[in-house]
Amino acid sequence: MELHEYPRPANDTGIGVHWVTGFAAAVGMSRIREYWIPELKALGVKWVKIPNHDGAADFAELLLAEGIMPVVRLFQSTPNPGRLGVKEIVHLDSLVRVGVRYFEFNNEPDTDAAWKGGRRPSGAIDLVTENVIANFETILEHGGMPAVPAISGGSDWDLVGRIVAHGRRDLFAGPIWQAIHNYPRNRPLDFPFDIGSQEGAAYTERFYRVVAEEDWGENAWRGRTLSEVNRLRLGRANPGMAIQDDHNCWLAYLHFDELNRRHLGRSIPILSTECGYIVGEDSDPRYPATTPDLQMAQTLEACRVMMGTSTRFSAAPDFYFCTAFWLLANRQLGSSSDWWEG
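Take the position in the sequence shown, starting the count at 1, then add 783; the result is the number in the numbering used here.
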């Protein structure tokens, strides 16, 4: 199946959001119609990741009627090891009937949290691959389009390659796509090709002060002086660094596409089902922690990349269909978990 044959929303911007952590319609369908649909349209959102199939059919149908493409996860809290059961297949059928096509069924199977018992066993990737193949066949038989599961940021797992190694390259003749979680951390959108990563370019005092003086209750530099930050940047410079060397970033889609073309001889659609800048993240000390102002500016620039209007960065490639910025809302969309607030 070619890229242009996959369904996409009319007037596609490539801008997508992760809806909520709980049930899709917990806030009520009338509230969604009256408030949230206009908000989505005002934001230019054309894709919505729905993380739980339960009670999602009416919401997904509404999104489709409003020209927004839903991406639905057939939810199991610890899906590994395992395959879709009768309950999930019943929901799959109801969602296909209302027009949903894009389905996930797993989430970061390379992590302990995705496994029953809370521990990933040895040989996990082959066990996951066997179950992925079975779930592909089930979803395809029922009229859906299944995703190669998203793995955690920076993981060395290559599920497409493993599926091919298991003798099932034929599955990719059908409408298979790949889910990714390309959180940028606190790195710039062009990492690892930015001048800081490649050459260790120094920050100016003006930039350092502007970031340091933002009033958000934390120190974005985590107490590091400008000279300390610049020493870090110079000391960790990596001229010629490629995406394969560190794909724990926004541009992870380039890494996965390279693997896909190696295994399949062509690209398949890549969709983010989680991504985005998170306030307070500070995993790379060469860059400031993500402040509210930086989060806003970088998210806007990512949207421009998706729409092809950025004057700083190249437009997103055709195979990268959409973002899924984490997180549109939490309590305001009916979630009872304060863990995700903020």
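Beta carbons are placed, not taken as given, at the ideal position from N, Cα and C, and that holds for glycine.
From a predicted model like this one, the values you see are computed outputs, not experimental measurements.
The shortest CA-to-CA distance from Phe990 to any of Phe976, Glu1001, Phe974, Val1012 is the one to Val1012. Here the C-alpha atom of Asn1002 lies approximately 30 Å from the C-alpha atom of Ser1119.
Within the DSSP bridge table, the entry for Glu1057 names His964 as partners.
Burial is judged here by how many other beta carbons sit within 10 angstroms of a residue's own beta carbon; Pro862 has at least 16 and is buried. Excluding five sequence positions before and after Thr912, the CB atoms of its chain that fall closer than 7 Å to its own CB belong to Leu942, Arg945, Ile946, His949, given in chain order. For Val994, no pairing in a beta bridge is given by DSSP. The DSSP-derived three-state label of Asn1002 is coil. As the crow flies, the alpha-carbon of Ala930 is around 11 Å from that of Leu923. Per DSSP, the beta-bridge partners of Glu887 are Arg856. When the beta-carbon positions are compared, Arg884 and Asp895 stay at least 7 Å from each other.
For Tyr1070, there is no enclosing alpha helix (DSSP H), as DSSP marks it with neither H nor E. The alpha-carbon of Leu847 is positioned some 29 Å away from that of Ser935.
Contact fails between the segment 1035-1045 and the segment 1065-1075, because fewer than three Cβ pairs, one in each stretch, are under 8 Å apart.
Non-local C-beta neighbours of Gly882 in its own chain, meaning closer than 6 Å and more than five positions away in sequence, comprise Leu847, ordered along the chain. Boundaries of the alpha helix (DSSP H) around Gly979: 978-982. Secondary structure at Cys1086: helix, using DSSP grouped into helix, strand and coil. Judged by beta-carbon spacing, Arg856 lies within the 7 Å limit of Glu887, meaning their Cβ atoms are closer than that value. Residue burial annotation: Gly797 is buried, with at least 16 other C-beta atoms found within 10 angstroms of its C-beta. For Tyr1103, the enclosing beta strand (DSSP E) has its first and last residue at 1103-1105. 7 Å or more divides the Cβ of Trp940 from the Cβ of Leu1054.
Taking the CA atoms as reference points, Asp841 sits about 18 Å from Lys824.
Under the three-state reduction of DSSP output, Pro1075 falls in the helix class. Apart from the 5 residues on each side of it in sequence, Tyr1103 sits with its Cβ closer than 6 Å to the Cβ of Tyr1036, Ile1053 in its chain, given in chain order. Looking at the DSSP output, Lys829 sits in no beta bridge, so it has no partner there. Residue state for Phe1108 is assigned as strand, using DSSP reduced to three classes. Runs of the alpha helix (DSSP H) spanning 4 or more residues and lying entirely within the segment 859-917 occur at 869-881, in chain order. Beta-bridge analysis with DSSP links Ala948 to no other residue. A residue is called buried once 16 or more other Cβ atoms fall within 10 Å of its Cβ, and His836 is buried on that count.
Here the alpha carbons of Leu875 and Asn1021 stand approximately 47 Å from one another. Taking a contact to require three or more Cβ pairs closer than 8 Å, the segment 1072-1091 and the segment 967-975 qualify as touching.
Ile1051 is not a Cβ neighbour of His1038, given a cutoff of 7 Å. Taking a C-beta distance under 7 Å as the contact criterion, Ala1107 and Gly799 qualify as a contact pair. In this structure, the CA atom of Val831 is about 16 Å from the CA atom of Val879. Rounded to whole angstroms, the gap between the alpha carbons of Glu1041 and Ala933 is 16 Å.
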